[in-house]
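Asker: Provided herewith is a single structure, encoded as structure tokens, for subsequent inquiry.
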Amino acid sequence: MPRKRMTLPKKKEDIEKIVEEVEREHHHEHEHHHHHHHHEESDLEIAVKVLEDLVDSLSARARVLESRLDSHSIAIGTLYRVVAHLVEAIATDDEESKLNSIKNALQELDRLKNL
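Here the sequence shown stands for residues 7 to 121, numbered as in the working numbering.
Written as structure tokens, this is what we have:
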């Protein structure tokens, strides 16, 4: 039987509510243990499935965070280049060089829109 994948809740209260429901279900199943023994999963199997779902959820969250980190790293690099161009503009006395540095800074800022 294929394993069901589920999205786990993010709030601790929601997780606790699910744990309580599972415990109630398990208690109910346990009462009828002698009638449905061959259909019932062991505590270990249930725990393994819950742990697999938690690992899947954590892996997905890690991928999202890695993606955000990459995006932020690119943005920070771009901002450093903007600052470098602005420092060039401030440091030069030549008006054409000053204007060129400011244009370069604006081009770098424009790249941030696409991130």
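The beta carbon of each residue, even a glycine, is placed where N, CA and C say it ideally should be.
#1: Measure the C-alpha to C-alpha separation of Asn5 and Glu58 and round it to an integer number of angstroms.
#2: Mind checking whether the beta-carbon of Thr84 lies closer than 7 Å to any heavy atom of the ligand ATP?
#3: Where Ser48 and Leu71 are concerned, what is the direct C-alpha to C-alpha distance, given to the nearest angstrom?
#4: Quick check: the Cα distance between Ser79 and Ile96, rounded to an integer number of angstroms?
#5: How would you write the range of the alpha helix (DSSP H) that Thr84 sits in, first residue to last?
#6: If we count Cβ pairs, one from each stretch, closer than 8 Å, do we get three or more for the region 75-89 versus the region 102-119?
#7: Would you mind working out which of Ser77, Ala68, Ser73, Leu60 sits nearest Val119, comparing C-alpha positions?
#8: Any idea what DSSP makes of Asp20, helix, strand or coil?
#9: What is the residue span of the alpha helix (DSSP H) that Asn110 lies within?
#10: By how many angstroms is the C-alpha of Asn106 removed from the C-alpha of Thr98?
#11: Is the distance from the Cβ of Leu121 to the Cβ of Ala81 below 8 Å?
Answerer: For this structure:
#1: Outside the shown range of the chain (7 to 121) lies residue 5, about which nothing can therefore be said.
#2: As presented, the structure is devoid of all ligands, the ligand ATP included, so that no description of it is given.
#3: Looking at the two C-alpha atoms, the distance is approximately 35 Å.
#4: Straight-line Cα distance between these residues: approximately 26 Å.
#5: Where Thr84 is concerned, the enclosing alpha helix (DSSP H) stretches over 49-97.
#6: Touching, per the Cβ criterion.
#7: Note that residue 119 is Lys in the sequence shown, not Val. Closest option to Lys119, Cα to Cα, is Ser77.
#8: Helix, per DSSP.
#9: 101-118 is the span of the alpha helix (DSSP H), which, as asked, contains Asn110.
#10: Counting only the Cα atoms, Asn106 lies some 11 Å from Thr98.
#11: It is a contact, given that the beta carbons lie within the stated cut-off.
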